[in-house]
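Residue numbers (our numbering), protein chains in the order written: chain A, 1 to 447; chain B, 448 to 731.
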């Protein structure tokens, strides 16, 4: 019987340490090894898909049909939840792709950041056959998914800014909402509404308990064709348009027209159920949410595109989009692409998804279906699908979210909170926010 | 393979598993994150940045805000909590108190609660519209959405969670103070306050040092509570260094900068710990 001597022991320890070190190293490099995947067989394999709530449910519902066309691809759709999915994708990409699903559902707010920080983290869909669908989607979206030729993802939903309102309340106040041409007119209408019904004009998450507290500000900015960054990536956060947008919000707040949605989503749901605000300036997908929350209010609600900021200005803005991407680490990229192509480029798939959860397709061909041209009983007989289709067809300038969108959102929501809770001056807080963002990111401020 | 060789190698063999685990899960990340703190990531490529990430910290107003918030909690919440814990420990030790084990258990139990779970419970209790606290007070206070009240709420949650834990540490020490000292003090004419001041407190000194240092570390690393309760808001009123670190790493993907924050934090904790040992430690 031999026992280990000390040298043997050291050798063993050394080997184990080196092994552990190597194992750990393989997971560190942010750019390294992520593109380790392969194409595989386009008609065969096992793939996993990450999405959240409604969209995940719709993908699951379409699986039987997908498997009729691709019987040998076994698909598992996982509902990771939103916002949990972003942290999960981030850690997966940072770990060189280990543990990531094959197909990832990614919002426009995260896509540029992932692409910039992890250049090979997402597979290039071009070689797999994506480029032939270049002109199939709503304007500006190809630029979003393939800014430099490399196709990082394929567009799924395209949401335009909307203006959902309680027609019955405005009627009581004697306001014709369809005739409101600018947001200044909306404020005047809001004062009449408050006086007649006691209901607030709209709600904002004033302390910004969730990053989407800036959605309304962002809509007002995009209606003016501006954003936090210009197309070259410079900061435009304190542009005159941004100051106009935040000043409008301040005016509404100072007039007592803004209810507080502190707490985020649950507060918003409660506010809709209790009817504390008459206007919901939310995008396309939100119509389905309202209908689901207060089905008994059918016929009381209407929808239109948001008024312009300046008289004669734009009323259409594509405020966000989501996409499906393939992980660069996936060994089944071709099969994953088959799945994406089936779901996103086939009008029948998109029509089914819209019917199920009201998720608006980026795929323009889908809108030929009669579903988008039917009157909605909930929205007082309006053809909701056509209203948003009109926005999608209007020319909208491309938006550069950049890799620093999350940071921008943080300084913007902080600035808005200062205005709403402490009555700060919009121009001043936006200037501070722009400077802070410049300090953090090294980007230039364009003034 | 003599007996003596085996005897000499045996201890190493015993510590080997612990050393390996430490090397893989502590030492390696510690070294790797230091390396990371010296790099920038631009377009997925790592570039050596020297001390850039550290100098950037000095100009970062949010870092200083976070540091200020932690300092406020440290200066207000920690002393209040430790005073409460000392009082509790004395009560737990008193023969006048019936059902002592029950009380000890009751006050210690919050410590067993998951951080996120109790954070969520507090956020529900403190909800402005539907929370129990406002209902009981008959008030409409914005507990989590007013900058000052949000800080207070955070302190409240922390105190509820950690007071019992600190009281139990202090109690353990309290039980080692010989009763003869109290008897002697009583004979010398010391009243209840005099005995507390001159016997209990000096006796508790090492335990007070320990709880102070632990609380300081805990406060500086604070993450779960503000993450769940306030998300660091409103307008960064409850942003802690831990939260800012998390945002930089996992929201902004700036791992180099986040690592620099982590190292600055570690340095700070080390310095404060040293200071507390100097002030409270005395001779052992």
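Note that beta-carbon positions come from the ideal geometry of N, C-alpha and C, so glycine has one too.
Query: 4 or more residues per run - each alpha helix (DSSP H) lying fully within the region 569-600 of chain B; Result: 579-584
Query: Complete beta strand (DSSP E) runs within the region 51-125 of chain A (minimum length 3 residues, chain order); Result: 73-79, 103-107
Query: Simplified DSSP assignment, three categories, for residue 443 (chain A); Result: coil
Query: Chain B contact for residue 209 (chain A) (CB, 9 Å cutoff); Result: yes
Query: As assigned by DSSP and simplified to three states, the class of residue 160 (chain A); Result: strand
Query: Near-chain A residues of the region 587-598 of chain B (beta-carbon distance less than 9 Å), N- to C-terminal order; Result: 589, 591, 592, 593, 594, 597
Query: Short-range partners of chain B found in the region 40-68 of chain A, where Cβ spacing is below 9 Å; Result: none
Query: Within chain B, the residues that residue 90 (chain A) reaches when beta carbons sit closer than 8 Å; Result: 697, 700
Query: Boundaries (first-last residue) of the alpha helix (DSSP H) holding residue 270 (chain A); Result: 265-274
Query: C-alpha gap between residue 273 (chain A) and residue 390 (chain A), whole angstroms; Result: 29 Å
Query: Interface residues of the region 417-429 of chain A facing chain B [CB-CB below 9 Å]; Result: 417, 418, 421, 422
Query: Closest residue to residue 288 (chain A) among A:275, A:336, A:353, A:110 (Cα-Cα distance); Result: A:353
Query: Reduced DSSP secondary structure (H/G/I, E/B, other) of residue 726 (chain B); Result: helix
Query: Own chain, CB closer than 7 Å to residue 241 (chain A), minus 5 neighbours either side, in chain order; Result: 221, 224, 226
Query: Assigned secondary structure, residue 286 (chain A) (DSSP; H/G/I helix, E/B strand, else coil); Result: helix
Query: Alpha-carbon spacing of residue 478 (chain B) relative to residue 468 (chain B), whole angstroms; Result: 15 Å
Query: Residue range of the beta strand (DSSP E) that includes residue 560 (chain B); Result: Taken as a continuous stretch (DSSP letters only), residue 560 (chain B) belongs to no beta strand (DSSP E), as it is neither H nor E.
Query: Of the listed residues A:231, A:93, A:44, nearest to residue 69 (chain A) (C-alpha basis); Result: A:44
Query: Extent of the continuous beta strand (DSSP E) to which residue 493 (chain B) belongs; Result: 492-495
Query: 8 Å Cβ cut-off: residues of chain A touching residue 673 (chain B); Result: Residues of chain A passing the Cβ test: none, with the nearest at roughly 12 Å.
Query: Against chain B: residues of the region 223-240 of chain A by CB proximity under 7 Å; Result: none
Query: DSSP state of residue 374 (chain A) mapped onto helix, strand, coil; Result: coil
Query: Beta-carbon separation (whole angstroms), residue 316 (chain A) vs residue 396 (chain A), contact threshold 8 Å; Result: 6 Å
Query: Any C-beta of chain D under 9 Å from that of residue 117 (chain A); Result: Protein chains in the displayed structure are A and B, and chain D is not among them.
Query: Neighbour flag for residue 451 (chain B) against chain A, beta carbons, 9 Å; Result: no
Query: 7 Å Cβ cut-off: residues of chain A touching residue 683 (chain B); Result: 414
Query: Pair within 9 Å by beta-carbon distance, residue 122 (chain A) and residue 328 (chain A); Result: yes
Query: Residue 689 (chain B): contacting residues in chain A (beta-carbon distance under 9 Å); Result: Those do not exist, as residue 689 (chain B) stays about 15 Å from chain A at its closest Cβ, beyond 9 Å.
Query: Nearest residue (CA-CA) to residue 508 (chain B), options A:447, A:436, A:444; Result: A:436
Query: Segment limits, alpha helix (DSSP H) that includes residue 387 (chain A); Result: 384-393
Query: Beta-carbon proximity check, residue 166 (chain A) vs residue 258 (chain A), cutoff 9 Å; Result: no
Query: Within chain B, partners of residue 113 (chain A) - CB distance below 7 Å; Result: 700
Query: Residue 508 (chain B): contacting residues in chain A (beta-carbon distance under 7 Å); Result: 436
Query: CB contact flag (residue 524 (chain B), residue 596 (chain B), <9 Å); Result: no
Query: Boundaries of the alpha helix (DSSP H) in which residue 659 (chain B) is found, first to last residue; Result: 648-667
Query: In DSSP terms, what residue 301 (chain A) is bridged to; Result: A:166
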